[in-house]
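Chemist:
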Amino acid sequence: MSFSVLQDYLARLSGAAGNTSSIWLDHEGRAQGRFFNCTLSSAFHPIRALQDGGVQAYEGLARSAAAQDQGLSLWRLLDHAASDDESVELDRLCRLLHALNFFRQAADGGPDLYLNVHDRLLSAVSSNHGHAFRRILDALELPLARVVLQLPAATPQQGWLLNYVADNYRRNGFRLAINVAAPAEALQILERLQPAAFKLDAGVATDEDQLLALFARCRAAGVALVFKRIETAATLERLRALAADAGGAVLGQGYLLDQPGAQLAELNAVGAVAA
0 MSFSVLQDYL
10 ARLSGAAGNT
20 SSIWLDHEGR
30 AQGRFFNCTL
40 SSAFHPIRAL
50 QDGGVQAYEG
60 LARSAAAQDQ
70 GLSLWRLLDH
80 AASDDESVEL
90 DRLCRLLHAL
100 NFFRQAADGG
110 PDLYLNVHDR
120 LLSAVSSNHG
130 HAFRRILDAL
140 ELPLARVVLQ
150 LPAATPQQGW
160 LLNYVADNYR
170 RNGFRLAINV
180 AAPAEALQIL
190 ERLQPAAFKL
200 DAGVATDEDQ
210 LLALFARCRA
220 AGVALVFKRI
230 ETAATLERLR
240 ALAADAGGAV
250 LGQGYLLDQP
260 GAQLAELNAV
270 GAVAA
């Protein structure tokens with residue numbers, strides 16, 4: 000790790016007891032936090048180039064703190080129990096934990112960090128929400144350019160809200176990844192939202208003509224395509240073939256390729272099934 004201000008901050012956290020601080024380090028050096036009497040930490044799910052398997056980014060995921068990387072995903076449980084204001088607090092806590100746990104392991108110039116903005120935050124977010132998180136990154140001297148905020152899929156009625164939130168984060172210097180339900184939706188909002196990436200469920204990648212049109216538009220605009228939930232070898236091979244036809248880089252993420260873990264994956268850890 001080469002981020003000196005972050006190292007100093009983590010050194011101070013290492014002396015904080017869990018019952019006196021909202022964030023502390025466990026015996027393995029992982030940042031943990033408390034919400035609704037639950038102890039949370041981070042897991043990271045790699046996002047890989049489908050052509051060669053190289054890690055391009057990681058998505059930060061909130062997990063209950065547990066030994067041997069066996070923590071549970073508690074976001075839905077906690078989010079449903081929280082008010083809008085408490086959801087904002089939970090979102091900020093998770094982002095900070097993920098940033099600490101990612102950059103304490105990451106080197107300069109490495110993969111990006113994708114951080115979720117959950118759907119309730121679309122309506123609960125305030126006008127300075129992006130600024131608040133940017134101030135944290137600036138204070139720790141962490142590279143804003145390597146943080147991608149991942150916005151949820153929006154209904155047509157939420158289009159104006161998605162525009163507002165995207166503009167808020169973009170004005171604060173963040174790159175955005177937009178979840179979309181289908182290639183047609185991505186084509187409709189490409190110019191309006193100017194994302195760094197689109198994320199699509201691998202299961203909807205069935206209309207080859209529409210996908211190739213999206214590949215071409217995204218390649219021209221410098222927008223990455225990430226197919227999530229890749230769970231079968233057949234799906235992986237189909238996406239690789241489409242990427243080869245499109246002539247551009249296509250990214251993928253799924254349990255076929257990797258399991259989320261507290262430690263950042265090795266660059267060559269995809270394994271034989273994905274080779």
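Reminder that position 129 of the sequence shown reads as 128 in numbering that gives the first Met the number 0, one-by-one numbering, no gaps.
Built from N, CA and C at the ideal position, the CB exists for glycine as well.
On a predicted model such as this, the values are computed, not experimentally measured, just so you know.
1. May I ask you to report which of helix, strand or coil DSSP gives Leu-60?
2. Here's a check: name, in chain order, each residue in its chain whose Cβ is nearer than 8 Å to the Cβ of Gln-250, leaving out the five neighbours to either side.
3. Determine, using beta carbons only, whether Leu-139 and Val-4 come nearer to each other than 8 Å.
4. For Tyr-168 and His-130, I'd like the C-alpha separation in whole angstroms.
5. Could you tell me the alpha carbon to alpha carbon distance between Arg-237 and Gly-53, rounded to whole angstroms?
6. For Cys-217, tell me which candidate among Ala-264, Glu-190, Asp-200 has the shortest Cα-Cα distance.
7. Can Arg-62 and Ala-30 be called in contact, C-beta distance under 8 Å?
8. Here's the rule I'm using: 16 or more other beta-carbon atoms within 10 Å means buried, otherwise exposed. How should Gly-59 be labelled?
9. Span of the beta strand (DSSP E) holding Tyr-254?
10. Should Ala-185 be labelled buried (16 or more other beta-carbon atoms within 10 Å of its own) or exposed?
11. Report yes if the CB atom of Arg-103 is closer than 8 Å to the CB atom of Phe-132, and no otherwise.
12. Going by DSSP in three states, Ser-41 sits in which element: helix, strand or coil?
13. Exposed or buried, Pro-110, counting other C-beta atoms within 10 Å across all chains shown (16 or more means buried)?
14. Do Leu-255 and Glu-230 come within 8 Å of each other at the CB atom, strictly closer than that value?
15. Which stretch, first to last residue, makes up the alpha helix (DSSP H) that contains Leu-210?
16. Please list, in chain order, all residues of the same chain as Ala-183 whose beta carbon is under 8 Å from its beta carbon, the five residues on each side excluded.
17. Tell me the rounded alpha-carbon separation between Trp-159 and Gly-108.
18. Can you say whether Val-272 is buried or exposed, counting buried as having 16 or more other CB atoms within 10 angstroms of its CB?
19. Could you compute how far the alpha carbon of Thr-38 sits from the alpha carbon of Gly-32?
Modeler: For this structure:
1. strand
2. Checking the displayed sequence, the identity of residue 250 turns out to be Leu instead of Gln. Excluding sequence neighbours, Leu-250 sits near Ile-46, Arg-47, Ala-48, Leu-49, Gln-55, Ala-56, Ala-196, Ala-223, Leu-224, Val-225, Phe-226.
3. yes
4. 8 Å
5. 18 Å
6. Glu-190
7. no
8. buried
9. Where Tyr-254 is concerned, there is no enclosing beta strand (DSSP E), given that its DSSP letter is neither H nor E.
10. buried
11. no
12. strand
13. buried
14. yes
15. 207-220
16. Gln-209
17. 35 Å
18. Here the model assigns Val-272 a pLDDT of 41, short of 50, so the residue's position is not dependable and the matter cannot be decided.
19. 6 Å
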